[in-house]
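Numbering (the working numbering), first residue to last: 76 to 229. Single-structure report; data block below.
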Amino acid sequence: MKLISTTTLLLSFIFSHGQDSIPVEFSPTMTPTISIDSFQQVTNDSTKIILGLVENKDGKINLLIEDYLANKTFTGYRIQIFSSSNNKWDAVQVKSDFIRSFPTVKTYLVYQTPNFKVHVGDYLDRLKAHHVLNEVKVQFPSAFLVKGEVDPKQ
76 MKLISTTTLL LSFIFSHGQD SIPVEFSPTM TPTISIDSFQ QVTNDSTKII LGLVENKDGK
136 INLLIEDYLA NKTFTGYRIQ IFSSSNNKWD AVQVKSDFIR SFPTVKTYLV YQTPNFKVHV
196 GDYLDRLKAH HVLNEVKVQF PSAFLVKGEV DPKQ
């Protein structure tokens with residue numbers, strides 16, 4: 076019982092002294108309004124003033140953000156057109172054949188022990204990857220979609 080009364084007394088003290096007491100007159104018929112004196116945006120990269128709030132940040136923050144976005148990987152889809160165990164030369168030949176047929180699509184020679192694989196494209200959207208897959212299957216009928224990390228800058 077003593078613990079409950081002490082806790083109650085302590086909480087009431089915290090709540091009564093934890094807030095500034097500013098008298099506010101409010102009637103139910105009042106409509107809350109917000110007045111904005113100015114909208115300013117300073118061109119300095121390290122400080123911005125928006126609606127009277129000031130944001131201060133170190134200039135190196137922008138460099139960190141750029142570096143993060145440059146090195147970030149995304150999960151998406153690629154098309155696998157070839158796989159062979161321990162036969163790198165065939166994989167290189169298939170990759171060059173694909174580049175001749177589709178010069179704008181990025182190609183990758185992937186080695187996953189003990190297989191050499193040829194993956195093509197970088198697609199964040201499965202629908203777009205499937206559309207390209209249908210075009211690729213004309214020349215490479217065994218092609219299929221694989222999920223993995225892709226380069227979104229393609």
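Think of the CB as a built atom: it goes at the ideal place given N, C-alpha and C, for glycine as much as any other residue.
- Within the stretch 123 to 204, the runs of beta strand (DSSP E) at least 3 residues long that lie entirely inside it are, in chain order, 128 to 131, 149 to 160, 182 to 187 and 190 to 198.
- Checking the DSSP bridge columns, you'll see residue 220 partnered with 154.
- Considering only 158, 181 and 212, the residue with the shortest C-alpha distance to residue 188 is 158.
- Non-local C-beta neighbours of residue 190 in its own chain, meaning closer than 7 Å and more than five positions away in sequence, comprise 158, 159 and 160, ordered along the chain.
- Going by beta carbons, residue 196 and residue 181 fall inside the 8 Å limit.
- Between residue 218 and residue 130, the alpha-carbon positions lie close to 51 Å from each other.
- In the DSSP assignment, residue 213 forms no beta bridge with any residue.
- Beta-bridge pairing by DSSP links residue 225 to 149.
- Between residue 208 and residue 199, the CB-CB gap reaches or exceeds 8 Å.
- Residue 149 sits away from residue 210, with the two beta carbons spaced by 8 Å or more.
- A distance below 7 Å between beta-carbons, with the five flanking residues on each side excluded, links residue 169 to the following residues of its chain, in chain order: 156, 157 and 193.
- The Cβ neighbour count for residue 175, taken over all protein chains shown within 10 Å, is under 16; the residue is labelled exposed.
- For a cut-off of 8 Å, the C-beta gap from residue 222 to residue 152 is around 6 Å, short enough to register as a contact.
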